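Since the structure comes first, as structure tokens, the remarks are kept for the end.
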Amino acid sequence: MSNSEKEARKKIRRTAINKNWTLFKQSRLGIVGLGIVLFFAFLAILQPILFLSGVWNEAVYDPVVGYEPERVNLLVVECPQQYPTEKYAEPNDCPARGEVNKVLVFDPSVSVGDYYETSLQPAPPSSKHILGTDSLGRDIFSQLMEGSQVAFLLGLLSATVGVALSTVLGSIAAFFGGRVDAYLMRQSDLVLMLPFLPLLFIISAFVELKVWHLAVVLGILGGLGGSVITIKSAALQVKVKPFVDSARITGGSRMGILFSHILPNVAPLALLFMVFSVTGAIASESVLSFLGLLNIDMSWGLMIYLSQTDGYIFSGLKYWWLILPAGLSVTFLAGGFYLVGRGLDEVFNPRLRER
Amino acid sequence: MQENILEVNNLNMHYETISGEVAAVKDITFHVKKGESFGLVGESGCGKTSVAMSLVQLQADNAKISSGSIKLDGQELIGLSENELRSVRWDGISIVFQGAMNAWNPVIKIGEQIREAIREHYPNNTKLQNIEKIKELFEMVGLDESIIDRFPHELSGGMKQRAVIALALSCNPKLVIADEPTTALDVVIQDQILNEIKKVQDLLGLSLIYISHDIAVIAEMTERMAVMYAGRIVESGPTKDIFANPKHSYTRALLESTPSVVGDKVKLNSLDGEPPSLIDSIEGCSFAPRCPNKTISCNSSLKSELVEVSPEHFVDVCNAESLNT
Amino acid sequence: MKKNLIEVKNLEKYFETSAGLFSRKKSTIKAVDGISFEIPFGESLGLVGQSGCGKTTTARALCLLDEKTSGEVNFYNSDTKNMESIDNLNEEELKSFRRNIQMIFQDPYESLNPRWNIKDIILEPLNIHNIGSLSEREDAVVEILKTVGLTPPENYLPRYPHELSGGQRQRVSIARTLIMKPKFVVCDEPTSMLDVSIRISIMDLMLNLANDLEVSYLYITHDLAVARYMCNRIAVMFNGKIVEIAETEELLKNPIHPYTKRLISSIPVPDPTYERVVYDIDYTELDNIIATDTGNIGMVDIGNEHFVATHDVKGIL
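Chains as they are written, first to last, in my numbering: chain A, 9 to 363; chain B, 475 to 799; chain C, 97 to 413.
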């Protein structure tokens, strides 16, 4: 390739990327989505940086094994039988902040009105722990960042596996037709019919599911399902285009045409699917963790699970930091990826564009 | 009494796009006399469909008419409200779009769709009156009246096109615009439909604007015509005059590049290059880059204007000297 | 006797469709219903007909894109110096067949892969057939770009199809098709989607290349005027059959079959003073010719290499 040609190629590639970026920018949904995704990506990267740079002491801030050793003095109170009283409006209000119920103190030498020194867990947000700690004294914010890492890993891995699978299968079904196509379509129908979550439950009963196990399982289930049908129909549309005929007449081999002509033209749709399937993966993980079916050290779903098993989930807003950050993160990141997909759709689907 | 059914003066229309303003119609001036058929010929991108859409004020959302006047039988159309326009559309001026035969709603019978149009303008008609009217129209365009109860997919391309013409005539318009009505049809059917159009025109005393890229069709269908290039009219006048004596180089190139089945087989000439992109505003003669007859006096930065070379025969040039080639 | 490049005898292509949801009966659409023609070396045949007449189906069957239902297609094999059938070709024979028969498509927007750049598009045939070294292939691409008028070639090599105009795209298609120097090219209305003023330049290019490279065209079009410009012989197709076939000027001056007459008389003429010759649908001449077809051959030679079909068209026209 001559130099002038290389220059021209670079310039053309740049303009193509610029053009796509301009189109993406136009989609407000896409930009919002991208912002959300970047925010969580930043969180995921932030945690190791904080540890490595020494800003955070691992012993305290590690999301799984960290422990906040700070101790506080709590006033020992006895909660009344009848409400409302002068001090408390509802049963939930007793014990209040800075107090502890006499019933929970197992030291017989302590009585009502004394101060009891203990570690405060779960601790509300403070300057040391901006989102507080959980019932084991672990920093919530650190857990959130760890969960972000898990979400990205899981989401992207399962999406990649799923999309690779469905693209290849869909293209094969379209290209070869006949019995191969019939078999693949029936297989897809079968997978579509299977109830997704119950299936995951069953799998988790037999196999110990770690994060990347789950990613692969989700990828395979997703990849064999309905997306095969959609990719197949996209591939069919490409197959009947004159340039494919042209390649056949020129003497191209079937596999050669499949890989060099059909797949590249199906790729944008596949990319779109990939982004959307991340959403599903993140949501699935949180459900499974919430039900305690995953062997996972830390994730957003696990955070909510723990708050439920510890009994805090019905405490109303009293222990909000145990539930809201994790729950909102799942919602926002899953939603963020979806919005990015919508934005990408405008780039790839010219009919949706406004002039 | 107006002699002209349509007068268009200095019409300018542009589209607003991401990449900038695209001037689709530049300073267009022409008129159509009552009862005559007027041809508008040009290649893709020359602006002829934009002109058509402007005439019925059905231009796209991002299209803006920046200046000019369109007078239908003396009434100015630019600036009318949407309500006022709706009463003008279809009974003052109607249009047969490009690809209109594919614009039928597939789940509604043909007759019902035409009645819908009639009801808009004649709400007091009874259903029977409307059906009678449609039967009349169908007879004019050569369709059997049983078509009234058929669905679009049951008709052939030619039949759908005839039905579209019937639809365009359903509210007794004074002027009908036909934008490439026969492009997708076979030449045998095209011939039949062109004959129907001529017949209908004679019968109703209709004025017709016929838009096409096919100059052979324009030659047979029209009495006066205009040639468009890059948004401007480059030549206009009586059809016979223009064919006999084309003055603008683009017109000549167009005539010289059309193969024919009659006459001797001749070597034809073609044009190099492509029509200019309408995003860049062009000073002066927009055809100069491709013109095979450029003279030294063709200073392409001069503004071009219409010059009358013979009765009613106008040519768009930058300087009158170049006409002597 | 002229040496034939391709001989087609009774080519048939039928499509079977099921008649309905509950009907077991299948209906057959005879897209191509027994057509025969020959194309000698150095000549071009125009296949003219209206949409649905079977001309594109014929093209696809000849190029082995779709399988024909029956009939013989023989192609001259320069290695064996014999006319050989295109049936039952093994992989090697098929590949060599593919070097010599190519097709140019109608739609300039859909006949080039939008994800490939121009260089790769034109290189593909050379890569598939492993011709020459890599640098020789690249040189050949540059040469053919110059030949089809896309100069300077460096400007076009790295571009993508959507950056080119319709006319330029068709030139790329022509370059890709002819870089292999095939003997036979099927052209499926390559100019009907282009602007009128550039059609001639594409057609002239194809004519020049045909001369220089000794290529024969089967030029498919609905436009008789275009067929006249491109071909020295024209076959008129109707309803899956060829109804008349003759040298171009002979056909236009002396059409015999009622369908040909009707076709010619429907074509608008770019001259407002010209009165078109309107042929009446008159079957007497055809009946006379049918009467002479005692052997029921189907095509009668009325002299001067002018053939007329004798099958029944009354009522269908």
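Virtual Cβ for every residue (Gly too), placed ideally from N, Cα, C. Keep in mind it's a predicted model, so treat the numbers as computed, not measured.
- Here the region 272–280 of chain A makes contact with the region 227–242 of chain A; the two share three or more CB pairs at distances below 8 Å.
- Counting only runs of at least 3 residues, the region 697–783 of chain B fully encloses the following beta strand (DSSP E) elements, listed from N- to C-terminal order: 698–703 and 706–712.
- For L266/A, the closest of L37/A, D122/A, I312/A and G178/A by C-alpha to C-alpha distance is G178/A.
- If you draw a straight line from the Cα of N26/A to the Cα of D547/B, it comes to about 50 Å.
- Y191/A counts as exposed, since fewer than 16 other C-beta atoms from the protein chains shown sit within 10 angstroms of its C-beta.
- Cβ-Cβ distances below 8 Å link A690/B to T732 and S734 in the same chain, with the five nearest sequence neighbours on each side left out; the list follows chain order.
- Per DSSP, reduced to three states, the secondary structure at S297/C is helical.
- F133/C and R233/C have their alpha carbons spaced roughly 36 Å apart.
- A distance below 7 Å separates the beta carbons of V244/C and I270/C.
- Closer than 7 Å at the C-beta level to chain A, one finds no residue of the region 300–312 of chain C.
- In chain order, S143 place their CB closer than 7 Å to the CB of D318/A, counting only its own chain and leaving out the 5 sequence neighbours on each side.
- The three-state reading of DSSP puts R22/A in helix, counting H, G and I together.
- Rounded to whole angstroms, G679/B and Y313/C show a C-alpha spacing of 48 Å.
- Sequence-distant partners of N400/C (beyond 5 residues in either direction) whose C-beta falls short of 8 Å from its own C-beta, in its chain, are A342, E343 and E346.
- Residues of chain B with a Cβ closer than 8 Å to the Cβ of Y325/C are, in chain order, P733, K739 and L742.
- Using beta-carbon distances, K191/C counts as an interface residue toward chain A, with a partner under 7 Å.
- As summarised for the region 304–359 of chain C, the continuous beta strand (DSSP E) elements at least 3 residues long and confined to that stretch are 312–317, 329–334 and 337–343, given in chain order.
- Taking a Cβ-Cβ threshold of 7 Å, the residues of chain B close to R358/C are V662, in chain order.
- Chain C places no beta carbon closer than 7 Å to that of D618/B, leaving this residue out of the contacts.
- Here the alpha carbon of S561/B sits roughly 19 Å from the alpha carbon of T600/B.
- Contact residues of the region 378–404 of chain C toward chain A are absent (C-beta to C-beta distance below 8 Å).
- When DSSP states are grouped into helix, strand and coil, R624/B belongs to the coil group.
- Comparing alpha-carbon positions, the option among G631/B, V674/B, D665/B and A658/B lying closest to P647/B turns out to be V674/B.
- With the criterion set as a beta carbon lying under 9 Å from some beta carbon of chain C, the members of the region 665–692 of chain B are D665, Q666, L668, H687, D688, I689, A690, V691 and I692, in sequence order.
- Here DSSP, grouped into helix, strand and coil, assigns N106/C to strand.
- Note: Y684/B is bridge-paired with G513/B and A652/B in the DSSP secondary-structure output.
- By the rule that beta-carbons nearer than 7 Å mark a contact, P250/A touches chain C.
- Around the Cβ of T287/A, a 10 Å sphere holds 16 or more other Cβ atoms; the residue is buried.
- Excluding the 5 residues flanking it on each side, P136/C has same chain C-beta neighbours closer than 7 Å at K98, K99, N100 and L101, in chain order.
- Less than 7 Å separates the beta-carbon of I200/C from that of C283/C.
- Between the region 630–641 of chain B and the region 606–617 of chain B there are three or more inter-stretch CB-CB distances shorter than 8 Å, so the stretches are counted as touching.
- CA-CA distance, L246/C to C159/C, rounds to 27 Å.
- Secondary structure of F284/A (DSSP, three-state): helix.
- Bounds of any alpha helix (DSSP H) do not take in T503/B; it lies within the beta strand (DSSP E) bounded by G494 to K507.
- Here Y191/A carries a helix assignment [DSSP, helix/strand/coil].
- Segment contact: the region 495–511 of chain B against the region 703–717 of chain B, three or more CB-CB distances shorter than 8 Å; contact assigned.
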